[in-house]
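*Asks:* Same order as they appear, the protein sequences are chains A and B.
Our numbering runs 499 ahead of the 1-based position in the first sequence.
Our numbering runs 184 ahead of the 1-based position in the second sequence.
All residues carry an ideal CB built from backbone N, CA and C; glycine is no exception.
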Amino acid sequence: MFIISEIVALLTTNLILTQALGTSTLFIAAGSRKNLLWTAVSISVFTTIGSFGACLLDSMLPDSLYDLKMLFYVLIIGMLYIISLTVLYFADRKDFGTTRKYIHVSAFNCAVMGTLFTISENAEAANLTMLDYICAGAEAGAGFILAAFVFTAAFKSLNSENVPSSFRGFPAALIYLGIISMAIYALM
Amino acid sequence: MMNNKMPATNGFIRKNAVLSGLMVISPVIVCGNTVMNALAFIYAFSAITFLSVAAGSFVPKKIPYGLRIIIYAVLGSLAYIPVKEAAEMFFPGVIERIGIYFMLIAVNSLITVQSEVKFYKYKKGKMLVSVMSHILGFDLVMLVVSAIRELLAYGTFCGRIVDAEVLISGLGMPFGGFIFLGLICGIYRWIVPGGKADEDFGGDRDVYNF
Chain A
500 MFIISEIVAL LTTNLILTQA LGTSTLFIAA GSRKNLLWTA VSISVFTTIG
550 SFGACLLDSM LPDSLYDLKM LFYVLIIGML YIISLTVLYF ADRKDFGTTR
600 KYIHVSAFNC AVMGTLFTIS ENAEAANLTM LDYICAGAEA GAGFILAAFV
650 FTAAFKSLNS ENVPSSFRGF PAALIYLGII SMAIYALM
Chain B
185 MMNNKMPATN GFIRKNAVLS GLMVISPVIV CGNTVMNALA FIYAFSAITF
235 LSVAAGSFVP KKIPYGLRII IYAVLGSLAY IPVKEAAEMF FPGVIERIGI
285 YFMLIAVNSL ITVQSEVKFY KYKKGKMLVS VMSHILGFDL VMLVVSAIRE
335 LLAYGTFCGR IVDAEVLISG LGMPFGGFIF LGLICGIYRW IVPGGKADED
385 FGGDRDVYNF
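Written out as structure tokens, the structure is:
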């Protein structure tokens, strides 16, 4: 029951399926399963660690500087981006040319920035602690992986020759995500 | 990589950012449900994207790619500040409705990962034409999608009640946006020759080639 309720929670708070955040990234990554998996994992790392940075910033940033929040979030993700590339370079120098692309795609997109802003907005209403921020970031990342999994399950069918050529691929995928999203809306 | 001999105006229809390029689709799905939302978003998207991409073209190429991406995102965030100030005057109340999507324009993929693939291959003049065509292409899709969705979902146009006999309220929801955009996209690909992305999923997978 616990696992089922966790999966339902991940679906109902899913940024892609409920708010369409990160849909473009999902489609771009969907070129191959390997791209999709590693992009989803990279995004999870960014949302989780980025949430920690967002928590620190939110606790320090005065309301008068609210308009600069976007800039500061970009700088947080920017720092994380450089650190990730550096770690990846020293950890696996041989494959760095291949693996760095996942970091490039995952850093600045609506999935990551949208997660930080969504958590920040919720924090204003619910007085979240740092642990809550990090958990929410990890949950958003897990939600992206789950959406990627749901998407991968239908990937072949959406590209099959049974689908009319003008709807094959991206248009069919949008309709598919819409139907999944509608089902989740019923759960909410 | 994109062929830099390709016409710079391609972004308007033939290589439309939303329908062909799979970019900036979340605001069309979520915010593109009324014309007023769409107009506010179009204004902000056009201003922030144009200013950021134009300013980003002065970033030297000898700076490592990762740092250039950060600079582009910072430029987008800086452009967001005055645009938001002006938006609060022109579209009072709408900015709150659009919520975080308004802020996320600053890191939209046309500014960050796609700018090098789509725009900076060209010389300055042609690049600006290309940026404008991509922006106008997005604006057109946003406007058409929002007008039809508002009419069918709420029976209004620009907030004014019209005589609509059948309402499909689900079209105003994000899931309705997904499905409607999918249908529009399929029709677009059926009508426009070459509208289909070269490799469909990952049609902009050039971003994976850096």
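For L564 of chain A, count the other beta carbons within 10 Å of its own beta carbon; 16 or more makes it buried, fewer makes it exposed. Which is it?
*Replies:* By the 10 Å Cβ count, L564 of chain A comes out exposed.
*Asks:* Please report whether the beta-carbon of G386 of chain B lies at a distance below 7 Å from any beta-carbon of chain A.
*Replies:* Note that G386 of chain B scores 47 on pLDDT, short of 50, meaning its location in the model is unreliable; the coordinates nonetheless yield the value given after this. So, interface residue.
*Asks:* Going by DSSP, which residues form a beta bridge with I678 of chain A?
*Replies:* Its beta-bridge partners do not exist; DSSP assigns none.
*Asks:* Return the residues of the stretch 310 to 326 of chain B that lie within a Cβ-Cβ distance of less than 7 Å from chain A, sorted by chain order.
*Replies:* The stretch 310 to 326 of chain B vs chain A, Cβ under 7 Å: nothing.
*Asks:* From F595 of chain A to F589 of chain A, what does the alpha carbon distance come to, in whole angstroms?
*Replies:* If I take the Cα positions, the gap works out to 9 Å.
*Asks:* Give a yes or no on contact between the stretch 666 to 684 of chain A and the stretch 284 to 303 of chain B, applying the rule of three or more CB pairs nearer than 8 Å.
*Replies:* No: fewer than three Cβ pairs fall under 8 Å.
*Asks:* Among residues of its own chain, excluding the 5 on either side of A529 of chain A, which ones have a beta-carbon nearer than 6 Å to its beta-carbon?
*Replies:* The residues are L535.
*Asks:* Does DSSP classify T340 of chain B as helix, strand or coil?
*Replies:* Three-state DSSP puts T340 of chain B in a strand.
*Asks:* Using the C-alpha atoms, what's the distance from S230 of chain B back to L567 of chain A?
*Replies:* Their Cα atoms are separated by approximately 20 Å.
*Asks:* Let me check understanding here. Comparing Cα to Cα, which of B:L365, B:I284 and B:A337 lies closest to T218 of chain B?
*Replies:* The residue with the shortest Cα to Cα distance from T218 of chain B is B:A337.
*Asks:* What residues from chain A crowd round I254 of chain B, counting only those whose CB sits closer than 7 Å?
*Replies:* Result: G577 and Y580.
*Asks:* Compare the C-beta of M186 of chain B with all C-beta atoms of chain A and state if any pair is closer than 7 Å.
*Replies:* At M186 of chain B, the pLDDT of 46 sits below 50, so the modelled position is not reliable; the number obtained from the coordinates is stated separately. Not closer than 7 Å to any Cβ of chain A, the Cβ of M186 of chain B fails to qualify, so no.
*Asks:* Compile a chain-ordered list of the residues in the stretch 548 to 569 of chain A whose CB is closer than 7 Å to at least one CB of chain B.
*Replies:* Under the 7 Å Cβ criterion, the stretch 548 to 569 of chain A contributes D566 and M569.
*Asks:* For the stretch 574 to 581 of chain A against the stretch 631 to 646 of chain A, are there 3 or more C-beta pairs whose distance is under 8 Å?
*Replies:* The stretch 574 to 581 of chain A vs the stretch 631 to 646 of chain A: no contact.
*Asks:* Taking a contact to mean a Cβ-Cβ separation below 7 Å, would you say A672 of chain A touches P358 of chain B in this structure?
*Replies:* No, Cβ-Cβ distance for A672 of chain A and P358 of chain B is not below 7 Å.
*Asks:* Measuring only between beta-carbons, confirm whether Y684 of chain A sits less than 7 Å from chain B.
*Replies:* Output row for Y684 of chain A: interface = yes.
*Asks:* Which residue wins for smallest C-alpha separation from P670 of chain A, given the options A:F654, A:G642 and A:A682?
*Replies:* Minimum Cα distance to P670 of chain A is reached at A:F654.
*Asks:* Give the DSSP-derived three-state secondary structure of F196 of chain B in the structure shown.
*Replies:* Three-state result, F196 of chain B: coil.
*Asks:* The alpha helix (DSSP H) with K268 of chain B in it runs from where to where?
*Replies:* Counting along the chain, the alpha helix (DSSP H) containing K268 of chain B begins and ends at Y249 to F274.
*Asks:* Given a cut-off of 7 Å on the beta-carbon distance, is the pair L365 of chain B and R333 of chain B in contact?
*Replies:* No.
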